[in-house]
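Quick notes on the structure that follows.
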Amino acid sequence: MIADGPLKSFCYRRLSFLQTKFQLHVLLNELRELHEQKSVPHRDFYNIRKVDTHIHAASSMNQKHLLRFIKKKLKTEADVVVMEQGNRKITMKELFEELGLDAYDLSVDMLDVHADRNTFHRFDKFNTKYNPVGQSSLREVFIKTDNYVEGKYFAEVLKEVLSDLEDSKYQQAEPRLSIYGRKNDEWDRLAKWAITNDVWSPNVRWMVQIPRLFDVYKQKNMIANFDEFLDNLFTPLFEATNDPDSHPELFRFLLNVSGIDSVDDESKHEYVHFDKTTPEPADYNDPENPPYSYYLYYMYANLTALNAFRRMRGLNTFALRPHCGEAGHVNHLIIGYLTSESISHGLLLRKVPVLQYLFYLTQMGMAMSPLSNNSLFISYHRNPLPEYLMKGLNVSISTDDPLQFHFTKEALMEEFSIAAQVWKLSSCDMCELARNSVLQSGFEDKVKIHWLGPNYKEEGVLGNDVARTNVPDIRVSFRHEALVDELYNLFRSHHL
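Residue numbers (UniProt numbering): 1 to 496.
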């Protein structure tokens with residue numbers, strides 16, 4: 001369908017029309033929108049709610065924050081045992097001595113966690129940036145939940161990040177924690193870490209990311225087939241839902257989880273295709289990694305059953321919100337569109353007008369990270385976010401990895417400020433992006449009512465409370481009318 005010539009032309013023209021229509025709207029109504037914003041007491045861009053819907057917990061602090069934390073621990077907890085190699089226990093001081101480092105010498109440059117021009121189209125080099133000073137041992141000690149110190153340091157630095165969010169009051173986040181699917185007790189260990197260290201904040205709802213690394217585990221004989229991988233991921237969730245007493249900590253932890261993410265380098269070549277000849281999970285023991293669509297389909301199938309079960313029991317449900325369309329094949333966007341509630345990135349939509357139009361018509365959410373994309377896949381000026389926004393797609397701004405891409409304590413505000421300067425976004429544009437981020441997020445209904453107004457689920461102006469969102473009714477009305485016109489145009493054509 002996406003390769004059909006007449007359909008591509010039709011969708012391209014409709015999208016171009018939407019973009020031109022928005023430009024005309026701005027020429028006619030920009031001053032009226034600004035006047036409406038000025039007439040709202042108290043509210044402005046700084047004190048409307050904005051959610052960082054795509055951020056990884058392991059890189060949620062900036063590089064200076066991590067450096068300061070490491071230096072502090074090296075000075076105050078030098079004699080604490082942090083690792084075990086064979087039968088030998090290694091203290092913090094010994095670890096740094098072996099690396100030839102001391103607290104005074106450490107600097108941001110030496111930490112070397114920031115992405116640079118050498119990471120462009122090199123996801124492998126980017127992944128090494130998660131290792132402070134290029135040492136996996138420091139990553140193991142400071143930014144892992146499951147290590148010799150039981151994730152104590154990671155919890156401490158995360159709580160500092162959460163405290164900064166609470167101080168800002170109007171910034172929220174949905175950080176990703178990792179579950180790998182190698183063992184069936186991973187969920188319990190993660191939940192124990194979260195509960196024991198009290199890693200909780202009213203400004204945060206957790207998401208769980210599942211790396212697509214089946215081939216790595218298979219080569220190391222950690223798992224026998226894809227069914228075992230899925231079993232490790234989902235069986236504990238069904239058990240905790242069915243009998244909370246069987247996994248008490250996991251049951252509590254899941255109440256603060258809003259969704260599931262699928263992560264890895266999308267640009268990797270896929271040797272296996274997902275079709276009727278592809279083995280079912282119990283028979284999939286190929287050393288090659290399954291394709292992106294295989295992972296997403298079985299995650300979607302299991303999540304659908306799990307959510308139905310949790311809904312029956314009056315519990316919160318989980319949205320599937322994968323990394324999708326950052327690189328690789330456009331098939332990723334197709335399976336993402338069919339299975340997911342919203343996606344992160346969506347860069348490749350700019351090349352596929354049919355899919356882009358479908359994303360518009362269904363108002364499917366996209367969390368975009370321009371600074372991350374600028375370092376990895378596409379330069380800032382070529383980023384399609386401003387075009388998506390003009391056309392009326394449901395886009396929001398997120399940070400992805402502040403440790404690698406940002407310099408300030410408020411990474412989300414850094415993203416907004418750079419976007420506003422480079423793309424000349426108006427205050428109304430920024431408030432619209434912030435409102436989109438809240439709508440895309442997994443925060444509870446009662447929280448969204450407080451942030452957006454009691455009727456936020458209504459379409460058009462009825463669903464907008466300008467006193468809370470600072471998005472003028474004029475803008476919301478324009479977006480709603482444009483969408484209704486497109487749907488009317490489609491269905492009218494169908495009936496002619």
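By construction, the Cβ of each residue, glycine as well, lies at the ideal position given by its N, Cα and C atoms.
Inter-residue Cα distance where the pair is residue i and residue j
i           : j      : result
Leu24       : Gln37  : 20 angstroms
Glu280      : Leu165 : 44 angstroms
Pro211      : Leu320 : 14 angstroms
residue 504 : Glu266 : The structure shown does not extend to residue 504, since the chain is modelled only from 1 through 496, so no value can be given for it.
Arg252      : Ile195 : 8 angstroms
Val471      : Ile397 : 16 angstroms
Tyr46       : Leu385 : 21 angstroms
Arg310      : Met92  : 43 angstroms
Val149      : Arg88  : 15 angstroms
Ala57       : Ile2   : 36 angstroms
Ala367      : Gly86  : 44 angstroms
Leu393      : Met364 : 8 angstroms
Thr20       : Met299 : 39 angstroms
Ser258      : Pro322 : 13 angstroms
Glu186      : Ile179 : 7 angstroms
Ala282      : Asp227 : 5 angstroms
Ala224      : Lys183 : 12 angstroms
Met207      : Met61  : 17 angstroms
Glu77       : Asp146 : 19 angstroms
Leu7        : Arg14  : 11 angstroms
Which of helix, strand or coil DSSP assigns to residue i
i      : result
Gln474 : This sequence places Ile at residue 474; Gln is not what is there. In the structure shown, Ile474 sits in a helix (DSSP, three-state: H, G or I).
Pro386 : helix
Arg189 : helix
Glu84  : strand
Val272 : coil
Val204 : strand
Ser375 : helix
Lys159 : helix
Lys75  : helix
Ser137 : helix
Ile90  : strand
Asn489 : helix
Asn184 : coil
Tyr297 : helix
Leu237 : helix
His332 : helix
Gly453 : coil
Glu415 : helix
Glu228 : helix
Asn147 : coil
Asn47  : helix
Lys220 : coil
Lys446 : helix
For residue i: DSSP bridge partner residues
i      : result
Asp52  : Ala173
Ala367 : Ser344, Ser396
Ala319 : Gly259
Gln404 : Partner(s): none; Gln404 has no beta bridge.
Ser209 : Looking at the sequence provided, one finds Gln at residue 209 rather than Ser. The partner list for Gln209 (beta bridge, DSSP) reads Ser178, Asp261.
Cys324 : His345
Nearest-angstrom beta carbon gap, residue j and residue i [assumed within contact, 8 angstroms]
i      : j      : result
Pro287 : Asp215 : 6 angstroms
Leu355 : Leu349 : 6 angstroms
Phe22  : Lys391 : 7 angstroms
Asp473 : Val484 : 16 angstroms between Cβ atoms; not a contact.
Leu306 : Ile335 : Incorrect: roughly 19 angstroms between the Cβ atoms, too far for contact.
Leu303 : Ile260 : 6 angstroms
Leu487 : Leu361 : 7 angstroms
Residue i beta carbon near the ligand GDP (any heavy atom closer than 7 angstroms)
i      : result
Pro384 : The ligand content of the structure shown is nil, which means the ligand GDP is not present either.
Residues of its chain near residue i, where Cβ-Cβ distance is below 6 angstroms and the 5 sequence neighbours each way are ignored
i      : result
Ala249 : For clarity, residue 249 is Glu in the given sequence; the question names Ala instead. Ala191, Lys192, Ile195.
Val51  : Gln172, Ser437, Val438, Ser441
Asn374 : Tyr380
Val81  : Lys89, Thr91
Cβ neighbours of residue i in the same chain (closer than 8 angstroms, five flanking residues each side left out)
i      : result
His65  : Val157, Glu160, Val161, Lys409
His381 : Val422
Val330 : Ile2, Leu348, Lys351, Val352, Leu355
Val199 : Ala155, Leu158, Lys159, Leu162, Trp193
Cβ-based neighbour list, residue i, same chain, cut-off 7 angstroms, excluding 5 preceding and 5 following
i           : result
Leu106      : Leu67, Ile70, Lys71
Phe96       : Leu74, Asp102
residue 565 : In the structure displayed, the chain extends from 1 to 496; residue 565 sits before or after that span and is not available.
Val476      : Gly460, Val461, Asn464
Val432      : The identity of residue 432 in the sequence shown is Glu, whereas the question assumes Val. Excluding residues within five positions, the ones whose Cβ falls inside 7 angstroms are Val471, Arg475.
Glu239      : Ser246, His247
Lys144      : Gly151, Phe154
Tyr271      : Glu288
Asp44       : Asn470
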